[in-house]
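Reading through the structure tokens given below for one structure.
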Amino acid sequence: MHRFKDLEIWKQSREFCIDIYQVTLKFPEAEKFGLVNQLRRSSVSVPSNIAEGASRKSQRDFDRFLEIATGSCYEIETQLLISNDLGFLSDEELSVLQLKLTSIIKMISKFRTSLKNNQK
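Under our numbering, think of the first position of the sequence shown as 1092, with each following residue one higher.
Structure, rendered in structure tokens:
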């Protein structure tokens, strides 16, 4: 078991979640149950899956939750691109969020690799 609060990927994904909540405050009211809801739920899913996976006894189970967190990251990226296409998100906001998201994806990938190497 890992202490999820000590994991940098959990910390970064939690901060990213706050970024998503802040940026979606500016979205149109009509999107409250559309993209706003989807982006927020997806962003909450990332640190939540990392935390849940960390509680698992086997590295294999943890890896599965990290895989789900990665899937949520790609879901977020798609939703951000659509938000930009619709003019809800500026190119600059998109760029900043994509950089942060890419960093989180890379961190998860490296952590998954280290888990697999520790299993050997």
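We put the CB at the ideal spot given by N, CA and C, even for glycine. Quick caveat, the model's predicted, so the values are computed rather than measured.
Expected contact under 8 Å - CB spacing of residue i and residue j to nearest Å
i, j, result
"residue 1130", "residue 1167", "6 Å"
"residue 1137", "residue 1164", "6 Å"
"residue 1184", "residue 1114", "6 Å"
"residue 1126", "residue 1170", "6 Å"
"residue 1141", "residue 1098", "6 Å"
Span separating the alpha-carbon of residue i from that of residue j
i, j, result
"residue 1143", "residue 1195", "17 Å"
"residue 1177", "residue 1120", "14 Å"
"residue 1207", "residue 1181", "39 Å"
"residue 1094", "residue 1128", "29 Å"
"residue 1101", "residue 1198", "10 Å"
"residue 1139", "residue 1145", "10 Å"
"residue 1134", "residue 1107", "7 Å"
Cβ-based burial, residue i [other Cβ within 10 Å; buried from 16]
i, result
"residue 1205", "exposed"
"residue 1172", "exposed"
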